[in-house]
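The structure under discussion appears below in the form of structure tokens.
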């Protein structure tokens, strides 16, 4: 009986939380004709016409551009964050360096409202010619990703017994070699988790995309909002839904595949915070 | 034998520190200078120092305090609701989830969707002609509230935020709940404590540090909210949904009031520092 109640609560909660996603998927599968008279949950004739239009009419919809920009910027923002955080994490885990001040400072960065950096960054980007470039967006996403990357990697490296390092050093390896040839393979799962989680975070970022890009480097989250700003004739709900589904799909898929690892990293910053 | 000596440690930290100094230190300095300058888009390179006029203007601005009030209420209410619901779900659903970890995936899905995207999706869900919620409300009750007008927009946004982020609080509590040693529970039940009593007197106190941390994380995230509010209402409904982040954004981009926007940024930065120190102080004491 109690168990039945648990299933009931679980179903209601899952349904309520995923409601907007569900509605969007349903809407994306309706024809334009059906949309005009049926906003309900059932679909008379499911169709892929919205997806065909969004993906086919490339002169009208820049969906490939948005997807490409999001991919490139997220890859830069995740790869660079790991490249910077990994050696730093090794130093923090294996020596006194940075432990006292740097680590807490960077962890706290996670809680600082990013808007406060956005305005001077906008000006700085204007001077540097980084406005509306994928590289510029990627560099900022690096900052967004750094705190969690550092926390996850410091935890992972601290869990590796330091006897491993010592043994390698006895055999004449430099600390650089130890870091790259001993530690890196051992903490590979943590590196993969960091990468996946960072990629999702970067892909979903909105504020900097909105402020620092205008046309060439617009990412998916911002591009999707363009479909709602359509002038005249109102919003084309079918195509807009298809765009949202396509934009939400990459992080959602990654998340569903990796939810076990990600749940640990989601909470990593909190527990050590 | 130190594994990483001092010089090496410094060398490994330098790229990260340099990067952060450049991309955050420089903007922070620019913020400070501009906040005490007269500056416009034309004079970006030659701001003239003018004292604390921008701060005075911000602190005298009713819209600024409106935004502060929105962010405070939004942060506290969403954090509270997310923690309460998340805690209930963690305790109530653990027997169900413990042996079926695949059930966690649909619970975590909202966390994987961009908040901005969720905001856009609710524009569809709540739209008076295309959205299913007004459609069924009309169908069943003959009437549907205007979810995004002045009276309702705040409550609507609360629900949207809570539905997306409760899984985060839930996840923290679920892990904290699972981490309570089995012996503790056994000892409690041997001493004759009912499940409810054990929860109230033993398990909740053990989870207290996590509760505090979860509340603060959710409060901070709610306080600085931007994406979903901007995407859903664009601060609309007569400015009743302008969060502090949106206030700064609009002062800069729509109003061109750079000095004011930057001064508000510095105020917001100081406020978040205060909250962070408060949090560190509380959790620091909790651990001792």
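Chains as they are written, first to last, in the working numbering: chain A, 1 to 273; chain B, 1 to 288.
Every residue, glycine too, gets a C-beta built ideally from N, C-alpha and C.
The model shown is predicted, which means the values in this text are computed figures rather than measured ones.
Tell me residue 49(B)'s beta-bridge partners as DSSP assigns them.
Residue mapping note: residue 49(B) aligns to position 49 of the second chain, counting from 1. 37(B).
Between the Cα of residue 75(A) and the Cα atoms of 37(A), 197(A), 115(A) and 15(A), which residue gives the shortest distance?
For the purposes of this step, residue 75(A) is identified with residue 75 of the first chain, where counting begins at 1. Looking at the Cα atoms, 197(A) is the closest of the given residues.
Could you tell me if residue 141(B) is buried or exposed, where buried requires 16 or more neighbouring beta carbons within 10 angstroms of its beta carbon?
Mapped onto the second chain, residue 141(B) falls at position 141. Exposed.
Could you give the DSSP three-state label for residue 82(B): helix, strand or coil?
In the second chain, the residue the question calls residue 82(B) occupies position 82. Residue 82(B) falls in the helix class under three-state DSSP.
Along the segment 110–127 of chain B, what residues have a CB closer than 8 Å to any CB found in chain A?
Within the segment 110–127 of chain B, the qualifying residues are 110, 111, 112, 113, 114, 115, 116, 117, 118, 120, 121, 122, 123, 124, 125 and 127.
Alpha carbons only, please: which of 90(B), 19(B) and 77(B) is nearest the one belonging to residue 168(B)?
Position 168 of the second chain holds residue 168(B). Residue 168(B) has its Cα closest to that of 90(B), out of 90(B), 19(B) and 77(B).
Looking only at its own chain, which residues have a Cβ that is under 7 Å from the Cβ of residue 32(A), when we skip the five neighbours before and after it?
Position 32 of the first chain, counting from 1, holds the residue named residue 32(A). The residues are 238.
Tell me which residues share the same chain as residue 286(B) and place their Cβ nearer than 8 Å to its Cβ, disregarding the 5 neighbours each side in the sequence.
Stepping through the second chain from its first residue, residue 286(B) is reached at position 286. Because the pLDDT of residue 286(B) is 45, which lies under 50, any placement of that residue in the model is unreliable, and the question is left without a value.
Within 10 angstroms of the Cβ of residue 291(B), are there 16 or more other Cβ atoms? Answer buried if so, exposed if not.
This structure cannot settle anything about residue 291(B), because the visible part of chain B is limited to 1 through 288.
So, does the CB of residue 79(A) fall closer than 7 Å to a CB anywhere in chain B?
Position 79 of the first chain, counted from the first residue, corresponds to residue 79(A). Not an interface residue.
Do the segment 89–96 of chain A and the segment 244–261 of chain B meet, that is, are 3 or more Cβ pairs less than 8 Å apart?
No, the segment 89–96 of chain A does not touch the segment 244–261 of chain B.
Indicate the three-state DSSP secondary structure (helix, strand or coil) for residue 264(A) in the structure shown.
If you number the first chain from 1, residue 264(A) lands on position 264. Three-state result, residue 264(A): helix.
When you compare the CB of residue 202(B) with every CB in chain A, is at least one pair closer than 7 Å?
Residue 202(B) sits at position 202 when you count from the first residue of the second chain. It does not: the Cβ of residue 202(B) has no partner Cβ on chain A nearer than 7 Å.
Start and end of the alpha helix (DSSP H) containing residue 30(A)?
Counting from one through the first chain, the residue named residue 30(A) turns up at place 30. Taken as a continuous stretch (DSSP letters only), residue 30(A) belongs to no alpha helix (DSSP H), as it is neither H nor E.
For residue 165(B), count neighbouring Cβ atoms within 10 angstroms of its own Cβ and tell me buried if that reaches 16, exposed if not.
For the purposes of this step, residue 165(B) is identified with residue 165 of the second chain, where counting begins at 1. Residue 165(B) is buried by the Cβ-count criterion.
Closer than 6 Å by C-beta to residue 14(B): which residues in its own chain qualify, once you throw out the five before and the five after it? Chain order, please.
The residue labelled residue 14(B) in the question sits at position 14 within the second chain. Closer than 6 Å at the Cβ level, and outside the excluded window around residue 14(B), lies no residue.
Would residue 279(A) pass as an interface residue toward chain B - the criterion being a Cβ-Cβ separation below 7 Å?
Residue 279(A) is absent from the model: chain A starts at 1 and stops at 273.
Could you tell me whether the segment 185–201 of chain A touches the segment 156–167 of chain A, where touching means 3 or more Cβ pairs closer than 8 Å?
The segment 185–201 of chain A, when compared against the segment 156–167 of chain A, does touch it at the 8 Å Cβ threshold.
Does residue 177(B) get closer than 7 Å to chain A when you measure Cβ to Cβ?
The residue given as residue 177(B) occupies position 177 in the second chain. Chain A contact via Cβ: absent.
By Cβ distance, which residues of its chain are closer than 7 Å to residue 85(A), with the 5 residues on each side in sequence left out?
Here residue 85(A) is taken as the residue at index 85 of the first chain, counted from 1. So the list reads 146, 149, 150 and 153, once near-sequence residues are dropped.
For residue 70(B), which of helix, strand or coil comes out of DSSP?
As a position in the second chain, residue 70(B) is number 70, starting the count at 1. Correct three-state label for residue 70(B): helix.
For a quick check, are the C-beta atoms of residue 28(A) and residue 245(A) less than 7 Å apart?
Mapped onto the first chain, residue 28(A) falls at position 28. Mapped onto the first chain, residue 245(A) falls at position 245. Yes. Within cutoff.
Could you check whether the segment 226–235 of chain B touches the segment 116–128 of chain B, counting it as contact only if at least three pairs of C-beta atoms, one from each stretch, sit closer than 8 Å?
Contact between the segment 226–235 of chain B and the segment 116–128 of chain B is present, because at least three Cβ pairs lie under 8 Å.
I want to see whether chain A comes within less than 7 Å of residue 207(B), judged by CB atoms only; does it?
Position 207 of the second chain, counted from the first residue, corresponds to residue 207(B). So, not an interface residue.
How far does the alpha helix (DSSP H) with residue 248(A) in it extend, from its first residue to its last?
Position 248 of the first chain, counting from 1, holds the residue named residue 248(A). First-last of the alpha helix (DSSP H) with residue 248(A): 237–257.
Can you check whether the CB of residue 262(B) is closer than 7 Å to the CB of residue 34(B)?
Position 34 of the second chain, counted from the first residue, corresponds to residue 34(B). Position 262 of the second chain, counted from the first residue, corresponds to residue 262(B). In this structure, residue 262(B) lies closer than 7 Å to residue 34(B) by Cβ.
Does the beta-carbon distance from residue 148(B) to residue 233(B) come in below 7 Å?
Translated into positions along the second chain, residue 148(B) becomes position 148. Translated into positions along the second chain, residue 233(B) becomes position 233. Going by C-beta atoms, residue 148(B) is nearer than 7 Å to residue 233(B).
Tell me, please, whether the CB atom of residue 40(A) is closer than 7 Å to any CB atom in chain B?
Counting from one through the first chain, the residue named residue 40(A) turns up at place 40. Yes, because at least one Cβ of chain B sits closer than 7 Å to the Cβ of residue 40(A).
Once DSSP output is grouped into helix, strand and coil, what is the label at residue 181(A)?
Along the first chain, read from residue 1 onward, the residue named residue 181(A) stands at position 181. Looking at residue 181(A) - three-state DSSP - the assignment turns out to be helix.
Would you identify the three-state DSSP class for residue 168(A), choosing helix, strand or coil?
On the first chain, position 168 is the one that residue 168(A) refers to. It is helical.
Out of 55(A), 107(A) and 137(A), point me to the one whose CA is closest to residue 213(A)'s CA.
Here residue 213(A) corresponds to residue number 213 of the first chain, with the count starting at 1. Nearest of 55(A), 107(A) and 137(A) to residue 213(A), Cα basis: 137(A).
Applying the 10 Å Cβ sphere with the 16-neighbour rule, what's the burial state of residue 100(A)?
What you label residue 100(A) is simply residue 100 of the first chain in a count that begins at 1. Flag for residue 100(A) reads exposed.
Apart from the five residues on each side of it in sequence, which residues of its chain come closer than 6 Å, Cβ to Cβ, to residue 206(A)?
Taking the first chain and counting its residues from 1, the one referred to as residue 206(A) is at position 206. Taken in chain order, the residues that qualify are 221.
Taking the straight line between their C-alpha atoms, what separation do you get for residue 105(B) and residue 94(B)?
In the second chain, counting from the first residue as 1, residue 105(B) sits at position 105. In the second chain, counting from the first residue as 1, residue 94(B) sits at position 94. So the two alpha carbons sit approximately 14 Å from each other.
Which one of 29(B), 255(B), 24(B) and 125(B) has the shortest CA to CA distance from residue 361(A)?
Outside the modelled stretch of chain A, which goes from 1 to 273, sits residue 361(A), for which no answer is possible.
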